[in-house]
Structures are given as structure tokens and as C-alpha cells.
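This report concerns only the one structure given below.
Protein chains: 2
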Amino acid sequence: MSDGRPSIRDVAARAGVSVTTVSRILNGSYPPAPKTRDKVLRAVQELDYVANPHARALTRQGTGTIALVVMMLDDGFLMSLVESIATGVAEAGKLCLIGTSGGNLERELAVLRQMHAQHVEAIILVGAVVESDEYREQMGAFAAQLRQSGTRLVLCARPPIDTGFQDASVEYDNEGGAYAATSHLLSRGHRRILLLGGPDGQSITTRRTTGYRKALRDLGGDLDPDLEIHPAWNRETGYARVRELLDAGPPTFTGILAHNDHVAAGAMQALREAGLRVPDDVSVVGFNNDSFAADLQLTTVHIPARELGLRAAALALDPNPTENHTTLGTHVIVRETVAQL
Amino acid sequence: MSDGRPSIRDVAARAGVSVTTVSRILNGSYPPAPKTRDKVLRAVQELDYVANPHARALTRQGTGTIALVVMMLDDGFLMSLVESIATGVAEAGKLCLIGTSGGNLERELAVLRQMHAQHVEAIILVGAVVESDEYREQMGAFAAQLRQSGTRLVLCARPPIDTGFQDASVEYDNEGGAYAATSHLLSRGHRRILLLGGPDGQSITTRRTTGYRKALRDLGGDLDPDLEIHPAWNRETGYARVRELLDAGPPTFTGILAHNDHVAAGAMQALREAGLRVPDDVSVVGFNNDSFAADLQLTTVHIPARELGLRAAALALDPNPTENHTTLGTHVIVRETVAQL
DNA sequence: CGAGAAAGGTAAAACGGTTGCACACCGGGG
DNA sequence: CCCCGGTGTGCAACCGTTTTACCTTTCTCG
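Protein sequences appear in the order of chains H and R. Take 1 as the starting number for the first sequence in my numbering and just add one per residue. Take 1 as the starting number for the second sequence in my numbering and just add one per residue.
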């Protein structure tokens, strides 16, 4: 009362009918007489009444909320993804809860539990994953719990949780992207390609590295462990690690494949500072096709972020989707950071 | 039951006490006998019980949810902002609802209403605003409604809503930033500075333009309406508008002040394509210090996004903050896109 | 030893909806 | 004329908590 929100009883009183009738009309269950219907709708209008979602949730109607959990919002790719998911969810008239895990297992689980407690209709897990046994085990248990309570789980841009059950998921082809990027370099005559992977033990890193190695094997590049290093996902460490390498002596590679564009940018700076030109001395390929890649003229692997997000949203919204697993393709965007050897 | 979640009654039964007692213990309202307490806590553990937030919300306990509304998630600045708000909220153990308005008044209001209906504890409005009378009026009305129902409103990186009441807000110094950036160019001898503003009629545009003009007046630059143009916030239109200008004849300016880094990047591309070098022929200053600005060696205005976000979160979380209005400073990050004339 | 006051606990009424079931009304077929 | 089925409604129970008001004990102290 004190908060000025009318209750369903107020509406009923004003329309001169019972609470039941109001509820029925508002939910479209059971078609009552048009006359009553009008009276009620008018009263709703006049009072500016909106049903309380919490009360509604209590009687298991569904909460109209979709949850979204992401490690961190720190690059353009994730942002497009989140934006498009949010848009998709909003267009369906539902709300979107968002949580960040910071790549920390405990925090991720805490956030997930909290969302589950909220009785969200679905939980979308977005992005990279730390591939520890502990993570797998805990997530497996959590996923089971979700299923038991009828909460859908959607995996977006992320590997499956290995448990008997196949969760709905939308992925993109990490391995294929890395393969294509590596092939691109190989086809231009590069044999020794420095891999600037993501942190070791993260799903994305593993997959992309697999693609890289496979291309080298298939097409005859040098498969050398010394050529695989693992900076964090940011510009700074990309810069630092390449800098280190160059300080130690002349480069033993002619091409670089970075696992994201920020790292590629860092690497390019290090090259520049060492007096090496891109692409004349060293070629560089990035990953993600972040918006700034165009400014750097960076050749990179495009990932269809919006599409990914919209599909994830669709899966989350649909109680029983026809197609519950999709893998979207990636492709190389050729700009000017790769030279023919 | 069917969803496997234990209720407070189950806990009570298992612990052999009444529901009331369980509730009291869980909420820490007055301390019951340690013995009972233990029994109850054990039962909670064993059943893995978590209170239903909806039922809780029904009795006006507050929902533990903060809402966040942003126009669009399309640049690094907004993203840092959202990330830091989300982090701040999560650290307080609360949940964060997110909605995007796409710069569309109707959709914005729809989202806001929906959030209000959820009884969120506070709503944070983030970022630029279309300055139409209609917007002002509708938002004013909405803000009044919020106040009446005890929902806090926090404005972040956004001008106040003009209504009698002063809402909590965290801003940064748009005018000062633009002033500083313009001064920087002026002090290097530039007199004719092309302003690449944001879309006309948006709050940010207005403020930054004011700073730009003031600097020109104070320090003796050319105040020429022809030098103020208004692309959208993205790279593409920044490119297109500058391209147009250059196609029409040699540049009538020696410096450019862009209202964000994407636009600056677009402008730089247009300059490059027209055979003009940055900074030798034309100097460029951006705004926001987006992460890629470092890669472009772009001189730009830094906005403390994280700080802004954390403060907004703090305001949203605190029912009665001591300081409810802050303006954070901005400063110019000097890189290599401005030359001495 | 008896009267209060604490202390520890409970039953029941909210909170704002949904829903199963009963009831009233109405026209029509036997 | 009676019974029947269908159509609109309303009553009341329930969803899972918190909270108010009240009831027992058990202490404490005169």
C-alpha cells in the first residue's frame, strides 16, 4: 500500500468483480463475458496496475527471467555476444539477469546458485572455461541439479559440460578458425608460426591450438613447442611476451597467430619497437575481428557474435527447441598484416 | 516439490521446530538458544536449503536486485562501465538485471516499467540520453513514480533528470574533457579544429560541444559552425563524413576533435586514404580512451570508467548515501596524433 | 515461595497472486 | 415441467516466506 502499487484486489474492487475473474482475464485463461472483460481492463488501465511477478512466481508460473553468466566483459566479442543475447531476451518480453564470474570457480558457482534460487527459466553460460577436473565435477553436479528443477541450461561459445545429458548449445568453430588462419599463413609461404595462445587450460586455447597444430601437420609447417606461448587475453601480456622473445635474439618465426586481437595488437607494438615491420618482416593474424582490427588493418578470424547471441537467446527462450545444438562457421578476414614470403 | 527444492517447512520438520524459528535463525533476528540454532543449521545443510527469494520479496524484504539500463553495449567505455557495475553489485551479494534500450524511448520505458514491476531496489541509468522534451517529460513522470514506491534511481555518466528532486548520480566531466582536449590542440598552434560530435540532441554531444567552444573562445581558436559536424557514434559514419569533406576540397582545418575513439579511427582512415598524414598534416584527438586507442597511438581523453561504475554500484546499494552526487575528472592522454604547428 | 520478567518458541495472519471446485444462471430437448 | 449441459463467476486453499501477537517455561529477586 505504502508503495503506491495497486494490487489485484484493488482492481477487482474497482471493477466490481472477484479477484479470480481479474486474474483469469489477465492471463487469458478461460474466456469470460466480453462485458466483464471490458470492465476489468478499464480498471486495470485506470489504476495502472501491473501484476507482481514475485507473487506470480510463487505459484510456478515461470519468472520471465533468463540468466546470463560470463567470465568477464572485457572485449568486443563478448560484448556483442552479451548485447545480442540481451536484445533477444528483451524482444521476447523477458528480463535478463547478468553475472560475471571473473574466471573464478567459486564466484561462478555462487552466482549460478543465486540465479538458480531465483527460479530463472534458463541459464546461459557464455564464453571460455577453465578446464580443471574440479570445474568439470562441480559444473556437472550443478547441471544435474538444474535439470532436476526444470531450469534449462544453454551453453554459448563454450564447450559442453561432460555429463550424460546433452545440454542445448551454440558454438562456433574454434578449431576450424585456427586451422584456416594457420593455413592462410602457410599458403603465403610461412613455415614457422608463433602461436600466442590464451592461458593454458582454457577451453578456447585448447581448441584453437588443436586447429593450429593440425594445419601445421597437414600442410607442412614447423611443429615446435618453443613456438607456442600463452599470454593472458590482453594487450599488455601479448606485448610483454613478444618483447621478451625479441629481446632474447632475432625472431625464429616469420608469422604470428594470436588467439585474440588484443594480443595481436600487443605483439605488433612489440615488433614495431624492435624495429620489425608488419607484414614485411613478420606477418600477424588475430582472432575475433574486434572492431579495432579494421583500424590496424589486421587480418583476423571473424566470429559471428551477434548470430551466436541471438541463437543462444532463442534456445533459452524455447522450452523445447527443435535443434538444440548448432556450430556456426568462422572465416578469415584478409587485411594487410600478412605478406607473401 | 516436484522441482526438488526443499521449503522452509521441510527444514522445520527435520529440525523439529516451527517454521517461525527457522526463519528467525536464518535471518539473524534475535538469537535463539544455541542448541536450537545448531539443529536448524544442520537441517539446512543437509537439505541444501535456500530460501525462495520471491516469497521473501513478497513480504517486502527487498529483492536483492539492482537494475541496469543502457542504450547499447557497443563500445569499450560502456562495457567497462557495465562490467564494473556488475562486479560491484555482485560483490554485495546482489543480482544485476540488465536491459538495453537501443536509444528508443518506448523500449526504454517498457524495460524500465518491467524492472520497476520486479521491485528492484535501485535502477541505474547509464549513458547518453536523447534530449527531447518528450523524453524529459516521460522520464520525469517515471522518476516520480519510482520515488513514490521507494525505488532508488541512480544516474551514471548521464545528465540529471530535471524534476524537483535531485537523484543520486555519478558523472564525469564532459565539458572539462572537451575543453582540455581542445586546449591541447590550441596550445600546439592549431586554430581551426574540426569537431566530430556525437548525434545532435544527445546530452553528451551538447556538453562536449560546450567545452570545445569555450576553449576556442578562451584561447583564441576559430569558432566556425562549418567546423562542427555530427556523425553517429561509430567508425563508419566518422569515416564517411570526413571522407565527404575531403572529397569536396582540401581541408580547412588542421586538427580534429572526435567525440569518441571509433569516430576518430574512422576519420584517420579517411585522412589516410586522402593522402594526408596524421599528425603531420592533420592532428587528431579522440575521446574515451578505448582500449584500441593505444594501438592507434591516438591522443585521447580518458574517462575513468571503472571508478564511475563502482561508484554507481555503491550508490545503488546504499539506501542513504552520504554523498549522492559526484563528478569525476577526465584527462588528456597524450600519444602521437597531435603535432606542433 | 510467589510474582514478574526474560527467554524461547509457536500459531496464525499477512504478502499478492493462481486455480480446483462449487454454484448460479440460462436455454433447450424429452 | 424437469433435467441437462454449458457458461460465467466466486469461494477458499495454496505458493513459501516474514512478522505479529501470544503462550510457555525458566530465572531472578524480594
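C-beta: ideal position from N, C-alpha, C; glycine also.
Listed by chain order, chain H residues near residue i by CB distance under 9 Å
| i | result |
| --- | --- |
| R/H54 | P53, H54, A55, R56, A57, L58, T63, Q118 and H119 |
| R/A265 | S291, F292, A294 and D295 |
| R/V50 | R113, Q114, H116 and A117 |
| R/M139 | What R/M139 touches in chain H: nothing, since even the nearest Cβ is about 17 Å away. |
Where residue i falls, given that 16 or more other Cβ within 10 Å makes a residue buried
| i | result |
| --- | --- |
| H/Q340 | exposed |
| H/S18 | exposed |
| R/A248 | exposed |
| R/K35 | exposed |
| R/S29 | exposed |
| H/G329 | exposed |
| R/D75 | buried |
| R/F165 | exposed |
| H/M1 | The pLDDT assigned to H/M1 is 44, lower than 50, so where the model puts this residue is not dependable; a value taken from the coordinates is nonetheless given after this. Under this definition H/M1 is an exposed residue. |
| R/G211 | buried |
| R/T337 | buried |
| R/R272 | exposed |
| R/D200 | exposed |
| H/N289 | buried |
| R/D352 | Chain R is shown from 1 up to 341; residue 352 of chain R falls before or after that span and cannot be answered. |
| H/T20 | exposed |
Spatially closest choice to residue i from the options, by CA coordinates
| i | options | result |
| --- | --- | --- |
| H/S283 | H/R335, H/V130 and H/N174 | H/R335 |
| R/V11 | R/R42, R/M71, R/N27 and R/Y30 | R/R42 |
| H/T342 | H/V170, H/S132, H/A13 and H/R272 | No statement about residue 342 of chain H is possible, as the shown extent of chain H runs from 1 to 341 and does not include it. |
| H/T163 | H/G150, H/H230, H/A143 and H/Y30 | H/A143 |
| R/A55 | H/D280, H/T63, H/Y49 and H/F292 | H/T63 |
| R/A314 | R/R152, R/H302 and R/A51 | R/R152 |
| H/V278 | H/R192, H/V263, H/Q297 and H/D261 | H/Q297 |
| R/V40 | R/P53, R/R14 and R/Q61 | R/R14 |
| H/G150 | H/S101, H/F77 and H/I123 | H/I123 |
| R/V130 | R/A141, R/P159, R/G176 and R/L146 | R/P159 |
| R/V50 | H/I161, H/L105, H/A117 and H/T337 | H/A117 |
| R/G275 | R/F292, R/L227, R/V285 and R/P251 | R/P251 |
| R/Y135 | R/N104, R/P6 and R/C156 | R/N104 |
| R/S291 | R/V69, R/R60, R/S80 and R/L73 | R/S80 |
| H/D222 | H/I204, H/L186 and H/L58 | H/L186 |
| R/G88 | R/L68, R/T100, R/L73 and R/T182 | R/L68 |
| R/Q148 | R/G127, R/E121 and R/P6 | R/E121 |
| R/I333 | R/T182, R/V111, R/E91 and R/L109 | R/T182 |
| H/G238 | H/F253, H/A265 and H/A215 | H/A265 |
Chain R residues whose Cβ lies nearer than 8 Å to that of residue i
| i | result |
| --- | --- |
| H/G99 | A86, A90, L95 and C96 |
| H/F5 | Before going further, note that residue 5 of chain H is Arg rather than Phe in the sequence given. Under the 8 Å cutoff, chain R gives S149. |
| H/V44 | Those within 8 Å of H/V44 in chain R number zero; the least Cβ separation is about 13 Å. |
| H/H259 | By Cβ distance, chain R contributes nothing, its closest Cβ being about 16 Å from H/H259, past 8 Å. |
Partners in chain R for residue i, counting only beta-carbon separations shorter than 7 Å
| i | result |
| --- | --- |
| H/L155 | Within chain R, no residue comes near H/L155; the closest Cβ sits about 20 Å away, beyond 7 Å. |
| H/Q114 | L95 |
Within chain R, the residues that residue i reaches when beta carbons sit closer than 9 Å
| i | result |
| --- | --- |
| H/G103 | Result: empty, since nearest Cβ-Cβ is about 12 Å, beyond 9 Å. |
Neighbouring residues, chain H, relative to residue i (Cβ below 8 Å)
| i | result |
| --- | --- |
| R/E83 | M72, L73, D74 and T100 |
| R/H262 | S291 |
Q.
So, does the region 82-89 of chain R touch the region 304-316 of chain R, judging by three or more C-beta pairs under 8 Å?
A. yes
Q: Quick one: which residues of the region 324-339 of chain H get their C-beta closer than 7 Å to a C-beta of chain R? List them in chain order.
A: none
Q. Taking any Cβ of chain R, which residues in the region 278-296 of chain H have a Cβ under 8 Å from it, in chain order?
A. D290, S291, F292, A294, D295 and L296
Q: Anything in the region 212-240 of chain R with a Cβ closer than 9 Å to a Cβ of chain H? List those residues in chain order, please.
A: N234 and R235
Q.
Would you call the region 190-200 of chain R in contact with the region 250-258 of chain R, where contact means no fewer than 3 C-beta pairs closer than 8 Å?
A. yes
Q: Mind the definition here: the region 226-243 of chain H touches the region 259-270 of chain R only if three or more C-beta pairs lie below 8 Å; say whether that holds.
A: no
Q.
Below 8 Å, how does it come out for the region 165-175 of chain R and the region 317-331 of chain R: are there three or more Cβ pairs, yes or no?
A. yes
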